[in-house]
Each structure stands twice: as structure tokens, then as C-alpha cells.
Amino acid sequence: MKNLVPSFEVITPSFGSSFAYFSYSEKTNNKSDVWHYHPEIELVYVNGGSGKRQIGSHISYYTDGDLILIGSNLPHCGFTNEQTGNKIETVIQMKPNFLGNDFLDITEMKKIQNLMNQARVGIAFDNETKRKVGAQIEIMQSQNPFDRLLNLLKILNELAISNDDILLNADGFSLETQVQDNDKINVIFNFVKDHFYEPITLDEVAGLVSMTVPSFCRFFKKITNKTFTSFVNEYRLVHACKLLAEKPISITEICFESGFNNFSHFNKLFKEYTGKSASQYRNELKNIIK
23 MKNLVPSFEV ITPSFGSSFA YFSYSEKTNN KSDVWHYHPE IELVYVNGGS
73 GKRQIGSHIS YYTDGDLILI GSNLPHCGFT NEQTGNKIET VIQMKPNFLG
123 NDFLDITEMK KIQNLMNQAR VGIAFDNETK RKVGAQIEIM QSQNPFDRLL
173 NLLKILNELA ISNDDILLNA DGFSLETQVQ DNDKINVIFN FVKDHFYEPI
223 TLDEVAGLVS MTVPSFCRFF KKITNKTFTS FVNEYRLVHA CKLLAEKPIS
273 ITEICFESGF NNFSHFNKLF KEYTGKSASQ YRNELKNIIK
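The sequence shown lines up with residues 23 to 312 when you count with our numbering.
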């Protein structure tokens, strides 16, 4: 069986900098299927395209690019691949204390300090913030290390005062529990990522983490604020959204390729999740992507 534990990513700052900065053209960042984590806070800007994002227990589908801030040690997958259709993906990774142990405590940095704390559950930024900050992030590619640092501070401040922010995981979500609990929840997330299109039973997944079904259900709900069934259904529905945008196949085929075995049940859940039918979602998405 494939190793289900998320990989720990070792990150080295860019030459002459206190943080890492990487810019990838189109599909050259190949981590979209790698479930990983690291102590660095990560800021990602995807210029154009659409795709799937999984951060902690949150799963969703983005369109017209993405701008996200991921907290320290919050497991996630990559956001682009050969189907995404993005122009550029830029990734900035910084240790929580990359500015020094006390710098965030000064008065001028209080809003940025609050932003860093909120990032523990993952934040997405939309509309004007995504466009404005995304352009500033890409400019950093040609800047020297000092100007790049100044620009990053401006960017963090823009994010801190933004009204376009969306917290991705439920309030109270945290993987900062005991180490053995982290290992269990990460095994579960990785298993769902790799097997969502197959039938998954509670007995099977509880067995993966050596728990009884009742204990597992209580554990999963306590950590994620979701039932396991809801989590799996969300994963399948987001994959269905991805297929609706990217594959010219029938909605019936999408239903079964996404792991649902009942078309009526799929239609009901899809409408509850998105507020529209699958055909309506596909038609509206075509207009957005044009």
C-alpha cells in the first residue's frame, strides 16, 4: 500500500533572503498530488486557470486563479497540474519568525500578526485582493532581496486589511493536537484523497487508524467539525465540479467517476452543496472561463 503519511517538506530560503520564493510557469510545479506539510507559512498565487484545492479538511474548486495563505504545519496538496490551465504559479514560504522573534509584537505589525494567526486554518482571497496582490507577488521575481522583503511586508499588510478573505477550515479546526492524533488524521485525509472514487466504509477507515467505528467517528468530528461521511461527500462533489469544468463527458459519467453510486443521491447532494444543478453549474462555469 502507498505510504499514507503526508510528506514533510524541507524548505530552504532563496539565496540572499530570509524566505523562499519560487515562480513556476504553467504546469511545472508538480506537487499537485503530494499531501505535505512544513513549518513555514505559505502564500500561493495561481495566475489564471481553475483547479482543486485541499487544505486541512477543506476541499473546494477555484476558478480564475487563486490566492491562498496556509498556516504553519497545515497539510495541503499542490494547486496546479497539467489540467489547471494557469499561466504562472508563485509560491512564497516563510518561517513564522522569519522577521525575528519579537518583530511581530511591535504596534505596526499587529494586523499582520493577526493574519498569521488566522492562517492556521487556511485563508483564500478573492476579487480585487487576488488581482492586486497577485500582481505584486509576481513583481517580486525581478527584485533584489531587500526590495523583495519590503514588497512582502506590503503584501502581508494588504492581506491583513483585506475584506475579500475566506477562512477555509471551520472555526476551531486545528491539527495542533497530540502527535499521534496528527498522524491519524493525516492518514485518513491521504486515504480519502487516493480512494474517494471507490466505496469507503467506516469499518475500513477506522481500521487504518486502529480505532473502533464509534471512537473514530467521535475523533474525526472533534478534529474537523465534520462527520466523515460529509468529508468524503465534499471531496467527491469538488471532484465532480472539477470534471464538469474540464471534461466533456456526461453528468451521469461524472457522478460515477466521482465515487457516487446513485445518480439521484448525487444530484441532491450537488444542489445542496453548490445551490444549483450540475448542468447549471457547468453552463455558468463556461461563461466564467471564457
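For each residue, glycine too, the CB sits at the ideal point set by N, CA and C.
This structure is a prediction, so every number in the text was calculated from the model and none was measured.
Proximity of residue i and residue j at Cβ, strictly below 8 Å
i           : j           : result
residue 210 : residue 146 : no
residue 92  : residue 257 : no
residue 247 : residue 291 : no
residue 170 : residue 67  : no
residue 77  : residue 96  : yes
residue 73  : residue 101 : yes
residue 135 : residue 126 : yes
residue 231 : residue 222 : no
Cα-Cα separation between residue i and residue j, rounded to whole angstroms
i           : j           : result
residue 250 : residue 274 : 25 Å
residue 299 : residue 130 : 47 Å
residue 63  : residue 119 : 10 Å
residue 34  : residue 278 : 42 Å
residue 48  : residue 152 : 18 Å
residue 7   : residue 265 : Look at the range of the chain in this structure, 23 to 312, and you will see that residue 7 is not part of it.
residue 303 : residue 39  : 44 Å
residue 201 : residue 207 : The predicted position of residue 201 is uncertain, since its pLDDT is 48 and thus under 50; a value taken from the coordinates is nonetheless stated next. Spanning the two alpha carbons is a distance of roughly 10 Å.
residue 244 : residue 205 : 15 Å
residue 105 : residue 252 : 27 Å
residue 56  : residue 268 : 21 Å
residue 272 : residue 183 : 43 Å
residue 199 : residue 241 : Because the pLDDT of residue 199 is 45, which lies under 50, any placement of that residue in the model is unreliable, and the number read from its coordinates should be weighed accordingly. In a straight line, the C-alpha of residue 199 is about 12 Å away from that of residue 241.
residue 307 : residue 181 : 27 Å
residue 296 : residue 276 : 16 Å
residue 45  : residue 160 : 8 Å
residue 227 : residue 238 : 9 Å
residue 284 : residue 164 : 52 Å
residue 233 : residue 75  : 28 Å
residue 16  : residue 110 : What is shown of the chain runs 23 to 312, which leaves residue 16 out entirely.
residue 117 : residue 288 : 42 Å
residue 270 : residue 32  : 39 Å
residue 83  : residue 229 : 30 Å
Cβ distance (whole Å) where residue i is taken to contact residue j below 8 Å
i           : j           : result
residue 191 : residue 155 : Their Cβ separation, rounded to whole angstroms, is 21 Å, which puts residue 191 and residue 155 out of contact at 8 Å.
residue 162 : residue 173 : 5 Å
residue 41  : residue 114 : 6 Å
residue 280 : residue 219 : 7 Å
residue 158 : residue 133 : That pair is no contact at about 17 Å.
residue 30  : residue 60  : 7 Å
Selected residue, minimal CA-CA separation from residue i, among the options
i           : options              : result
residue 149 : 139, 86, 61 and 231  : 86
residue 108 : 69, 30, 177 and 281  : 69
residue 293 : 73, 61 and 260       : 260
residue 225 : 288, 46, 219 and 236 : 236
residue 186 : 31, 137 and 301      : 137
residue 58  : 124, 50, 212 and 160 : 212
residue 217 : 94, 160, 282 and 234 : 282
residue 1   : 112, 164, 84 and 103 : Since the first and last residues shown for the chain are 23 and 312, residue 1 lies out of range.
residue 263 : 32, 234, 301 and 232 : 301
residue 50  : 83, 79, 84 and 103   : 103
Heavy atom of the ligand MN within 7 Å of residue i beta-carbon
i           : result
residue 116 : This structure lacks the ligand MN; in fact it carries no ligand of any kind.
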